[in-house]
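Protein chains in written order, with my numbering: chain A, 12 to 486; chain B, 362 to 551.
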């Protein structure tokens, strides 16, 4: 109990202890907070978009570009194992049929003719083709499966000179009565099986079709009894009608990143003439006039990403998302360390002893229309115009209080939403390269005033500079 | 009620990052918190460094304050933790932060009358070896239990207890000595 009394006494006495920190402590705290905030902003607005852009670029450059330009059906077929293919590609029919599997079934239908007696030198050509065939099969064989599941292998034997046979238009390149499958599976099958195997080719020479398992040839079927069928994994595609054109993954949009840098300043509103102190009159007005003119040009930069329509026409449209920073330095007097509002921990007196840099950070969503003004394809000159809704993310801008003749921060008096007009002229370079880029001039003007209530002219952000755009995905 | 409402608004403005509100919060608590920091350190400069670190943490993490408990207590807790981190980080404190077994000072009076001013008492606390000073501050002034102190400093609660007993005995002897001197001065003055 007595022990607790001592502690209580000490505690009470220590609660009374108050010391005044030196004047340097708060500015240092404020500086460190600002620095930390900047660091966090940097992490968010640079690293996050950079990661996002990197991920997008990686996707477009690796995954998307690796996809072959084939139909979805063929894509599925390619991904399956040879064993699965054998199972699926064997057509079950009551009547014996030639099975042809192709990436481009329409092409095969065009190339393979089933025309009895259309060529007098069929046999000769077949013989020549057989000689050139890597399989060295002098008796081409077609395998198929009947309704009972039994596999049959059929030799394509010409009954006579005038008998019909399976021919192609380009016999000099590929065996007429064969469909070449991918070389590797065919060879593998041939190694496993000594028996001759069916090898069918399309005229494009692409290796598409695998060979079914083989059995000794027991039956011989006349070619004129054989009905050619194009087989795909989709049963609905088994038809005499031409198959639909293969879908491609060619995107209608290009994806890229942009970087703009230049100068920014405050400008008068559109349609407002220069300020006339004579009309307003009075020395006070003259003082504010000079204050309104005292903004200097500052650094402007913007970075972001965009998607642009991939039209072959002369006009295109693009949508973007970017972060932009505007600066407008201005001379002020000395700083007074006294909180005058929740936003302001101090204020600047009027004067020229200090150059304070007002900064404005915006998130922009530019919608731009691009028009190619020349006919050149190598160095196309493109004029872009558009609008960009902008959202104020942060600002340290000083607001002028004319009654007290001081400058202080007051974020609440700034317009949070802006609409900017944008224009630019640029040319494309490296259009044949994988990542073409564009460079040119850029102009930006904010329609809405910076401050909600501003009695002078220069209340609009204006910026101009150079812009660089790099296309990450080219179609 | 009005003060609480003001405090709530102040915190909300600080969460929004309004510099004026941050400055007001600092001005409201800086003096008391410097007193806290002063007790844990050996110089005013170090105390101001701790104060600076603490307020940077507080103003950047003010959104974590959920209006549960007093704002002053929340700020004080952060300041004490910042002071402990400072002591662990700063070499001159870290090297002296040993908890050696020193002989107990004989204590004649368990509860001496403290006629010293707060600043004088704080000066005596600051003259304790860093280990004693820290544990005394945490237990006697902040009210942490020995188990909590053990967890905070990475020592056993028994060690904390014995160190505190030694610190307390030493401080009482100094208070008594100081009180006698003060009395003598007063008599001499008369």
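Each residue gets a CB set at the ideal place from its N, CA and C atoms; glycine is no exception.
What you are looking at is a predicted structure, and each value in this text was computed from that prediction instead of being measured.
From what residue to what residue does the beta strand (DSSP E) around residue i run?
i, result
"residue 331(A)", "326 to 343"
"residue 54(A)", "Per DSSP, residue 54(A) belongs to no beta strand (DSSP E) and is neither H nor E."
"residue 400(A)", "392 to 406"
"residue 425(B)", "Note, residue 425(B): premise wrong, no beta strand (DSSP E); not H, not E."
"residue 378(A)", "378 to 383"
"residue 369(A)", "365 to 375"
"residue 313(A)", "309 to 320"
"residue 428(A)", "428 to 440"
"residue 419(A)", "417 to 420"
Less than 8 Å between C-beta atoms, sequence neighbours within five positions excluded: which residues of the same chain meet that for residue i?
i, result
"residue 444(B)", "397, 398, 401, 402, 411 and 415"
"residue 394(B)", "412, 415, 416, 436, 437 and 440"
"residue 426(B)", "372, 432 and 435"
"residue 202(A)", "Because residue 202(A) carries a pLDDT of 44, less than 50, the predicted location of this residue cannot be relied on, and no value is offered for it."
"residue 477(A)", "271, 272, 273, 450, 451, 452 and 453"
"residue 464(A)", "424"
"residue 539(B)", "477, 481 and 485"
"residue 287(A)", "Annotation note: pLDDT 38 at residue 287(A) (below 50); position unreliable, coordinate value reported separately. Answer for residue 287(A): no residue qualifies."
"residue 495(B)", "401, 445, 448, 458 and 514"
List the residues of chain A whose Cβ lies closer than 8 Å to the Cβ of residue i, in chain order.
i, result
"residue 524(B)", "In chain order: nothing, as chain A lies at least about 15 Å away."
"residue 448(B)", "Result: empty, since nearest Cβ-Cβ is about 18 Å, beyond 8 Å."
Determine the chain B residues that contact residue i at a beta-carbon separation under 7 Å, and present them in chain order.
i, result
"residue 264(A)", "Ordered by position in chain B, no residue passes the 7 Å Cβ test against residue 264(A), which lies about 38 Å from the chain."
"residue 318(A)", "Going along chain B, no residue has its Cβ under 7 Å from residue 318(A), so there is no contact; the nearest lies around 33 Å."
Can you name, in chain order, every residue of its own chain whose Cβ lies under 6 Å from the Cβ of residue i, other than the five neighbours on each side?
i, result
"residue 129(A)", "Because the pLDDT of residue 129(A) is 44, which lies under 50, any placement of that residue in the model is unreliable, and the number read from its coordinates should be weighed accordingly. Nothing meets the Cβ criterion."
"residue 318(A)", "264, 266 and 330"
"residue 405(A)", "372"
"residue 366(A)", "340 and 342"
"residue 442(A)", "none"
"residue 487(A)", "Absent from the structure is residue 487(A), since the part of chain A shown begins at 12 and ends at 486."
"residue 168(A)", "Note that residue 168(A) has pLDDT 44, beneath the 50 cutoff, so the model's placement of it is unreliable and the number below is only indicative. Once the five neighbours on either side are set aside, residue 168(A) has no close Cβ partner at all."
"residue 407(B)", "none"
"residue 436(A)", "394, 451 and 452"
"residue 505(B)", "499"
With residue i as the anchor, note down where its alpha helix (DSSP H) starts and where it stops.
i, result
"residue 491(B)", "491 to 497"
"residue 4(A)", "The requested residue 4(A) is not part of the displayed model; chain A covers only 12 to 486."
"residue 436(B)", "432 to 450"
"residue 459(A)", "Unbroken run through residue 459(A): none, as it is neither H nor E."
"residue 406(B)", "405 to 421"
"residue 507(B)", "507 to 514"
"residue 387(B)", "380 to 401"
"residue 483(B)", "479 to 487"
Report yes if the C-beta distance between residue i and residue j is below 8 Å; otherwise report no.
i, j, result
"residue 403(A)", "residue 427(A)", "yes"
"residue 268(A)", "residue 63(A)", "no"
"residue 28(A)", "residue 501(B)", "no"
"residue 455(A)", "residue 423(A)", "no"
"residue 31(A)", "residue 480(B)", "no"
"residue 384(B)", "residue 37(A)", "yes"
"residue 407(A)", "residue 370(A)", "yes"
"residue 336(A)", "residue 374(A)", "no"
"residue 345(A)", "residue 313(A)", "no"
"residue 278(A)", "residue 473(A)", "yes"
"residue 440(A)", "residue 479(A)", "no"
Mind listing the chain B neighbours of residue i? Cutoff is C-beta to C-beta under 8 Å, in chain order.
i, result
"residue 47(A)", "417 and 421"
"residue 54(A)", "Within chain B, no residue comes near residue 54(A); the closest Cβ sits about 14 Å away, beyond 8 Å."
"residue 43(A)", "413 and 417"
Give me the chain B residues within the contact set of residue i, using Cβ-Cβ distance strictly less than 9 Å, ordered along the chain.
i, result
"residue 18(A)", "500, 501, 502, 504 and 529"
"residue 22(A)", "501, 502, 503 and 504"
"residue 50(A)", "Within 9 Å Cβ-Cβ: nothing; residue 50(A) doesn't reach chain B, min ~11 Å."
"residue 268(A)", "Residues of chain B passing the Cβ test: none, with the nearest at roughly 30 Å."
Using a threshold of 7 Å, is the CB atom of residue i nearer than that to any non-hydrogen atom of the ligand GTP?
i, result
"residue 405(B)", "Although the ligand GTP was asked about, the structure shown includes no ligands whatsoever."
For residue i, return the contacting residues in chain A, with the cut-off set at a CB-CB distance below 7 Å.
i, result
"residue 537(B)", "Ordered by position in chain A, no residue passes the 7 Å Cβ test against residue 537(B), which lies about 12 Å from the chain."
"residue 509(B)", "The contacting residues do not exist; residue 509(B) stays about 15 Å from chain A at best."
"residue 409(B)", "32, 33 and 36"
"residue 483(B)", "25 and 28"
Excluding the five sequence neighbours on either side, which residues of its own chain have a C-beta within less than 7 Å of the C-beta of residue i, listed in chain order?
i, result
"residue 391(A)", "383, 385, 438 and 439"
- Output, in sequence order along the chain, the residues in the stretch 387 to 407 of chain B whose CB is closer than 7 Å to any CB in chain A. Residues of the stretch 387 to 407 of chain B with a Cβ closer than 7 Å to any Cβ of chain A, in chain order: 387, 391, 392, 393, 395, 396, 399 and 400.
- Task: Please name the residues in the stretch 491 to 505 of chain B whose beta-carbon is closer than 8 Å to at least one beta-carbon of chain A, in chain order.
- Result: The stretch 491 to 505 of chain B vs chain A, Cβ under 8 Å: 500, 501, 502 and 504.
_Interfacial residues, the stretch 26 to 38 of chain A to chain B, with Cβ spacing under 9 Å_ = For the stretch 26 to 38 of chain A, which is checked against every Cβ of chain B, the residues closer than 9 Å are 26, 27, 28, 29, 30, 31, 32, 33, 35, 36 and 37.
Under 9 Å, CB to CB, which of the residues in the stretch 422 to 442 of chain B have a partner in chain A?
Hits within the stretch: zero.
Item to complete: Select from the stretch 404 to 432 of chain A all residues with a C-beta closer than 7 Å to any C-beta belonging to chain B, and list them in chain order.
Response: Those residues of the stretch 404 to 432 of chain A that come within reach of chain B (Cβ to Cβ, closer than 7 Å) are 420.
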